[in-house]
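Asks: Questions regarding the structure given below will be posed in turn.
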Amino acid sequence: QSALTQPASVSGSPGQSITISCTGTSSDVGNHNRVSWYEQHPGKVPKLIIYEGTKRPPGVSNRFSGSMSGNTASLTISGLQADDEADYYCCRYASNYVFGSGTKVTVL
Amino acid sequence: QVQLVQSGAEVKNPGASVKVSCKASGYTFTSYYMHWVRQAPGQGLEYMGVINPNGRYSSSTQKFRGRVALTTDTSTSTIYMELSSLTSEDTAVYYCAREPPNSFRFDSWGQGTLVTVSS
């Protein structure tokens, strides 16, 4: 299984925007409709926040947005809030599922 | 509403097996593939495998092949994950997660089951 690389941590001040990258290979992340993102607060269950690379499930704040460029998927959180402090994981399917290494978001 | 309720925490000795259940409600059980994901303490999410709740298909990743059994009971809308030959490295929270048909995403998750392997 190929690895999906995410930065270990990203931080920002309230109100700012941050972007988390998820880099794979053309055979996995390059298949845009098979990339999803999950938010996980400490001690909590993961929650789907982006699917098919760019789509938000009902009920997910429009402050979360996904984008794709080549072999890199990105998650942008705009208008950063204290409650956004969590771990974020990308996930791709290419004959099997693989999660990214995870990114810890800190709100300063 | 959709609910995935997992069995309670387990403590096992090295070499033993553990069987975790995930009971689904609030939707048509056989219409959604079900997956298993685990998370070791302080670590990231690790994908384990998938089962079609009608029981006709299951698959696990290379890492777990031969050591994990995924089964289903349609009469109780429950899926099971049995992991054998446990070592301390299997200490983790195990999650079941639902996938809408051909959607490549996990839209609902169980609450997680902590499995501790310790002598």
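As they're listed, the protein sequences go chains E and Y. Using the working numbering, you'd call the opening residue of the first sequence number 49 and step up by one each time. Using the working numbering, you'd call the opening residue of the second sequence number 9 and step up by one each time. The beta carbon of each residue, even a glycine, is placed where N, CA and C say it ideally should be.
Nearest chain Y C-beta to GLY94 (chain E) closer than 7 Å, yes or no?
Replies: Per the sequence shown, the amino acid found at residue 94 (chain E) is Pro instead of Gly. So yes, PRO94 (chain E) belongs to the interface.
Asks: Mapping DSSP to helix, strand and coil, what is THR95 (chain Y)?
Replies: Coil, per DSSP.
Asks: Which term fits GLY114 (chain E), buried or exposed, when burial requires 16 or more other beta carbons within 10 angstroms of its beta carbon?
Replies: GLY114 (chain E) is buried by the Cβ-count criterion.
Asks: Count the other CB atoms, across all protein chains shown, that sit within 10 Å of the CB of GLY72 (chain E); report buried if there are 16 or more and exposed otherwise.
Replies: Classification of GLY72 (chain E): buried, given that the 10 Å Cβ count is 16 or more.
Asks: Closer than 6 Å by C-beta to VAL101 (chain Y): which residues in its own chain qualify, once you throw out the five before and the five after it? Chain order, please.
Replies: For VAL101 (chain Y), where only same-chain residues beyond five positions count, the Cβ hits under 6 Å are GLN47, GLY120, LEU122.
Asks: Evaluate the contact criterion for the region 86-105 of chain Y versus the region 120-133 of chain E: three or more CB pairs, one atom per stretch, below 8 Å.
Replies: In short, these stretches do not touch, since the Cβ pair count stays below three.
Asks: Can you name the residues of chain E whose CB is closer than 7 Å to the CB of GLN14 (chain Y)?
Replies: Residues of chain E passing the Cβ test: none, with the nearest at roughly 10 Å.
Asks: On the DSSP bridge assignment, give the partners of GLY16 (chain Y) in chain order.
Replies: Answer is none; GLY16 (chain Y) lacks a bridge partner.
Asks: CB-CB under 6 Å to GLU54 (chain Y), same chain, minus the five flanking residues each way: which ones, in chain order?
Replies: These residues qualify, in order along the chain: ARG46.
Asks: Please check if any C-beta of chain E sits within less than 7 Å of the C-beta of ASP98 (chain Y).
Replies: Not an interface residue.
Asks: Which whole-angstrom value is the C-beta distance of VAL128 (chain Y) and LEU94 (chain Y), which I expect to be below 8 Å?
Replies: Given a span of 9 to 127 for chain Y in the structure shown, any question on residue 128 (chain Y) remains unanswerable.
Asks: For the region 111-122 of chain Y, which residues have a beta carbon sitting closer than 9 Å to at least one beta carbon of chain E?
Replies: The residues in question are SER111, PHE112, ARG113, PHE114, ASP115, SER116, TRP117, GLY118, GLN119, GLY120.
Asks: Give the range of the beta strand (DSSP E) segment to which GLU87 (chain E) is assigned.
Replies: Unbroken beta strand (DSSP E) run through GLU87 (chain E): 83-88.
Asks: Whole angstroms is fine: what's the gap from TYR136 (chain E)'s alpha carbon to ILE68 (chain E)'s?
Replies: Their Cα atoms are separated by approximately 8 Å.
Asks: Interface residues of chain E around GLY34 (chain Y) at Cβ under 7 Å?
Replies: Neighbours of GLY34 (chain Y) on chain E: none; closest Cβ ~16 Å, over 7 Å.
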